[in-house]
Structure formats: structure tokens, C-alpha cells
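Its first residue numbered 1, the sequence shown is counted upward by one per residue in UniProt numbering. Working notes, structure below.
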Amino acid sequence: MEMAEKSWFQKRIGSLFTSKEMETSGEVVVASPLEGLVLPLEEVSDPVFASGAMGRGFAVKPESDLAYAPVSGEVTIAFETGHAYGLRTDQGVELLIHVGIDTVSLEGAGFDARVKQGQQVEAGEVLAQFDREVIAQAGLEATTMIIVTNPADYSQMERLAPETVKEGEALFVLKRPE
Numbered sequence: 001m002e003m004a005e006k007s008w009f010q011k012r013i014g015s016l017f018t019s020k021e022m023e024t025s026g027e028v029v030v031a032s033p034l035e036g037l038v039l040p041l042e043e044v045s046d047p048v049f050a051s052g053a054m055g056r057g058f059a060v061k062p063e064s065d066l067a068y069a070p071v072s073g074e075v076t077i078a079f080e081t082g083h084a085y086g087l088r089t090d091q092g093v094e095l096l097i098h099v100g101i102d103t104v105s106l107e108g109a110g111f112d113a114r115v116k117q118g119q120q121v122e123a124g125e126v127l128a129q130f131d132r133e134v135i136a137q138a139g140l141e142a143t144t145m146i147i148v149t150n151p152a153d154y155s156q157m158e159r160l161a162p163e164t165v166k167e168g169e170a171l172f173v174l175k176r177p178e
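This is how it looks when you write it as C-alpha cells:
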């Protein structure tokens with residue numbers, strides 16, 4: 001079933017990640033790693049993420065229990081607890097996908113990591129499965145942050161997603177200085 005999910009996701013994102021035009025224009029599109037309600041990062045309940053201290057980006061309140069790679073690249077970090085992943089694209093975009101707020105406190109309960117540090121992933125590959133019910137029962141939020149951790153390398157970040165998004169739909173675009 002995982003292969004079917006990956007194929008569906010990759011069909012949805014189409015050529016966003018292979019377009020030579022985007023690479024040469026200095027633009028990089030980042031897809032949503034999950035389905036749900038899109039929020040500005042400033043609106044999440046965690047003050048560290050909301051302040052932008054970790055980087056710039058957006059959050060999604062998930063309506064499903066799978067987190068997909070929003071870009072192709074290398075997994076630079078995969079927390080043993082399964083709640084957070086760092087990715088770096090060939091274009092140099094560095095992302096943090098952090099599933100939930102304070103979910104590190106669950107010590108891996110409700111999380112099933114599907115990738116390891118150092119692994120190459122394709123956009124649409126499952127990073128993790130998580131259980132929103134386990135997260136909620138612990139009194140935590142499953143709101144997932146998608147953060148660019150090297151925002152100084154980009155002159156502009158533009159939201160592309162409407163209020164709600166499906167996994168694989170364009171979430172935002174990054175533009176390098178000209």
C-alpha cells in the first residue's frame with residue numbers, strides 16, 4: 001500500500017521537483033507533507049516555532065496520519081522519536097518537518113519512522129506514520145511545522161496553498177536573490 005500512496009503523491013506534485021526551469025530561475029516549490037488546514041507559523045501555539053527562531057515556514061493541522069517528504073533530497077536528521085525530520089535538497093533548501101507540538105515528550109509512542117538519517121528520499125516518499133489519537137490523548141497537538149532552516153539564502157517565501165491543502169499540493173515557493 002505504501003507504494004500506491006507514494007505513486008499517488010508523486011502524480012499530484014507532477015513535475016514541481018524536476019523542472020529545470022525552476023532550478024535555473026532560483027525558485028524551489030515545497031509541497032505540503034500532509035493534508036489539512038494551513039496556518040501561518042506565527043499562529044502555532046509553540047512560542048519557539050511561532051517566533052521564527054527555528055526558521056520561516058508554515059504549519060498544517062493534519063487530517064491524516066502520514067507525513068510525506070515535501071521535496072526530494074537527503075534526510076539530514078531523523079529523530080529516534082519519529083517526530084521530526086531534516087531534509088536538504090540538491091538546490092540547498094534545508095527543511096525541518098516537525099510533527100506535533102511538544103511530541104518529543106511522547107518518546108516515540110504513536111510514531112513509526114519510515115526513513116533514516118543519510119537516506120535519499122523522493123518527494124512523496126513516506127517519512128513517518130503517526131497516530132493523531134495518541135497525540136491528542138497526551139494533551140498535545142498534531143499541528144505539523146514545515147520550516148526552512150536556512151531562510152537567509154532566500155529573498156522571498158510565498159504561500160501557494162489555499163486554506164486547506166492535500167498532501168503533495170504546492171505549499172510555498174522559495175525565491176533566491178537575483
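Note that the Cβ used here is the ideal one computed from N, Cα and C, for glycine as well.
- Remark: three or more beta-carbon pairs, one from each stretch, lie closer than 8 Å, so the region 118-130 and the region 78-94 are flagged as touching.
- By the C-beta criterion, the region 148-157 is judged not to be in contact with the region 98-108, since fewer than 3 inter-stretch pairs fall below 8 Å.
- When the beta-carbon positions are compared, SER32 and ALA170 come within less than 9 Å of each other.
- Per DSSP, reduced to three states, the secondary structure at ASP153 is helical.
- Restricting attention to beta strand (DSSP E) runs no shorter than 3 residues, the region 62-139 encloses them at 66-68, 73-78, 84-88, 94-101, 111-113 and 126-130, ordered along the chain.
- The shortest C-alpha to C-alpha distance from GLU42 to any of ARG56, VAL30, LEU160 and GLU80 is the one to ARG56.
- Residue nearest to VAL75 within the set ALA161, GLY118, SER45 and VAL134 is GLY118 (criterion: CA-CA distance).
- Out of HIS98, GLY110, GLU163 and GLY92, the CA that lies nearest to the CA of ASP153 is found in GLY92.
- Annotation for PRO40: no alpha helix (DSSP H) segment contains it, though the beta strand (DSSP E) segment containing it runs 36-40.
- In terms of CA proximity to SER155, LEU174 leads the group MET54, GLY82, LEU174 and VAL48.
- Taking MET157 as the centre and dropping the five residues before and after it, the same chain places the C-beta of ARG56, PHE172 and LEU174 closer than 6 Å to its C-beta, in chain order.
- DSSP, read as helix, strand or coil, puts VAL60 in strand.
- Within the same chain, Cβ atoms closer than 8 Å to the Cβ of LEU140 are found at GLY100, ILE101, ASP102, THR103, SER105 and LEU106, the five residues on either side in sequence being excluded.
- Secondary structure at GLU178: coil, using DSSP grouped into helix, strand and coil.
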